[in-house]
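A short worksheet on the structure shown next.
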Amino acid sequence: MAVFIKLLGGGGEIGRNAIEINYNNNSILLDYGVIFNSEIGFPLNVNLKKLIGIIISHAHLDHIGALPLIYSSSINPKIYFNSMTSELMNLLLLDFLKVSKGNLQFDETGILKIFEKSSNVPFKYDFIINDFSIKVGNAGHIPGSWIISVEVKNKKILYTGDFNVYDTKLLNGAEVIERNVDLLICESTYACVNHIDRQKVEKLFIEKVLETLENKGNVLIPSFAVGRSQEILCILQKYNIKYPIFLDGMARKASSIMLKYPEYFKDYNLLKSSHDLAIWVNNERERKRILDEPSIIISPAGMLKGGPALNYIKKIISDSRNSILFVGYLAENTPGREILESHTFTTETSKEKVKANVYWFGLSSHTDMKGIIDYIKEVNPQKVMFIHGEVERIIEMSKLIKNNYSIDIILGKTGESIEV
Ligand SMILES: [Zn+2]
Ligand SMILES: [Zn+2]
C-alpha cells in the first residue's frame, strides 16, 4: 500500500492550508484554514470517514479557520496542538466568528467542540496516531508554531507550516527536525523575495519612532495581534525607548496568553519586561487622552481593517508631526495599503488626506527565499512541494532551484493527489 498526499487547499495561494496524508484507508490532516479574498474561502472537504487525526501547525486563521466545519458534523476526530496554539486558536476563532457577523457555516458549538476533542501536547513532543509517527519542532513563525514531521510506512514527510529560519526578538529560527526526507512540503510566501537584514530594519524603525517623538508627534503602529505586536514591544524595549508605549485591542489578550508560557520564548525576560513597561489601554476614556502627549500606540488591526487602531487614525492623519509605521503585510484593497500608496484614508462618508508620515518596515515572521533554499539544503529531501505562495513567484523560484540543485520540485495544486 502506498502513501498519498492530497492538498485540500493552499496550492498556489496564501491561505486555506490543508493537507491530507493517506495510508491504508486511514488519513491524517495537517491544518484546515481559510483564505480571505473578496470573500472568505474554505478548503476542499475532508473524507471524514477515513480521518483519524488532525495536527495543527499554528494558530493563524489561514491554518485553522475551517476546523469548526469539521467539528460541526457528528464525527469528531482527535486533534493535536500545543497549549499556546490551543489558547490562541480559541481567541482567534471566536473573534473570527464575531467579526463575520453570522456569515459563516458554523457557530460557537463548532469551535468549542474542537477543544473537547483536543490533545494538548508539549511544545517538543513525539506521538503516534495508528501507523503515523509524528515529530514536532519550533517553526520560528509565531509563538507555538510547529514544523511537523510525519513518518508512515518508511516514508518521511516534513511540513514547514509557516516558518522563519531567522531569529527574532521573540523566537529562535526554525529547527531542522528531520533530514533526508522523501517529501518536504514547504511554504513559499516570500518566494523570490529576500528580506533586508533584520538588525538594519530594526534600527531604521527605531530611528523613525524617535524622530517622530522628538518632534512632539505620536506614533501609531497598526499591528497583528498575535506575534507582531509582542515582537514590536520587545524591539522598543531592547532599544530602551523612554516614551509612553500603549498596547491596545486584541493584542492585549494575545499577550496575556503568551505571558503564561515562558518556555515558548527565546528571551522570556525581555517579553515580560516589555509588557511590564507598556500601558494596557482599557477603555474609551483612556484612548482619548493618549494622543495628548508624544507616545507610541501598538494596536490591531495590522491592515487597519478594523480594531482600535481606527479609534486613533483620524487624529493621527491630521497632524504632520505624527507617523504611521506599518510592520506587516498589507493586502490590496485595505485601508493600510491605501494609506501607504496614496496617502489617503477613505471612510464611508469621506476621503481624507494623510498629513502624517507613513512608513513600512519588513519585520516579517515568514522566511525569505534565501531562508527557504538554505532550509531545503539542510533537509536534503527527495522532493519538495511548494505551497502557501503565489504561483508566478513559486515558478520563478523553482527554476532557480532546479538550475542549481538536483531536487525534484512539485508545484502544489489544490485537489491533486500524489504518491510519496
Ligand atoms: Zn502563519
Ligand atoms: Zn499561513
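Residue numbers (numbering that gives the first Met the number 0): 0 to 419.
Cβ atoms here follow ideal geometry from the backbone N, Cα and C, with glycine treated the same way.
A straight-line Cα-Cα distance of about 10 Å links residue 162 and residue 374. Residue pairing by DSSP places residue 383 opposite 183, 408 in a beta bridge. Contact annotation: the region 361 to 369 does not touch the region 334 to 341, with fewer than three C-beta pairs closer than 8 Å. At the C-beta level, residue 217 and residue 293 come within 8 Å of one another.
When DSSP reads this structure, residue 70 sits in no beta bridge, so it has no partner.
With distances taken between CA atoms, residue 392 lies nearest to 13 out of 8, 320, 330, 13.
Distance from the CA atom of residue 41 to the CA atom of residue 34, rounded to whole angstroms, is 7 Å. Remark: fewer than three beta-carbon pairs, one from each stretch, lie closer than 8 Å, so the region 133 to 150 and the region 345 to 357 are not flagged as touching. Counting along the chain, the unbroken alpha helix (DSSP H) around residue 108 starts and ends at 107 to 115. Just measuring C-alpha positions, the residue of 244, 192, 99, 204 sitting nearest residue 368 is 192. Here the alpha carbons of residue 397 and residue 232 stand approximately 37 Å from one another. Closest in alpha carbon position to residue 388, among 10, 76, 116, 379, is 10. One thing to note: residue 158 has its Cβ within 8 Å of the Cβ of residue 29. The region 172 to 188 and the region 277 to 287 do not touch, with fewer than three beta-carbon pairs separated by less than 8 Å. Within a 10 Å sphere around the beta-carbon of residue 74 sit fewer than 16 other beta-carbons, which makes this residue exposed. An exposed status is given to residue 115, since fewer than 16 other beta-carbon atoms sit within 10 Å of its beta-carbon. For residue 410 and residue 237, the gap between their C-alpha atoms comes out near 41 Å. With a threshold of 16 other beta carbon atoms within 10 Å, residue 36 falls short and is exposed.
Every alpha helix (DSSP H) stretch that sits fully inside the region 180 to 221 and reaches 4 residues is listed by chain position as 197 to 213.
Counting every other CB atom within 10 Å of its CB across the protein chains shown gives residue 141 a total of 16 or more, marking it as buried. Between residue 65 and residue 143, the C-beta spacing is not below 8 Å. Residue side-chain check: residue 63 keeps its Cβ at 7 Å or more from all non-hydrogen atoms of ligand 1.
Within the DSSP bridge table, the entry for residue 343 names 352 as partners. Taking C-beta separations shorter than 7 Å and ignoring five residues to either side along the sequence, the partners of residue 271 in its chain run 258, following chain order.
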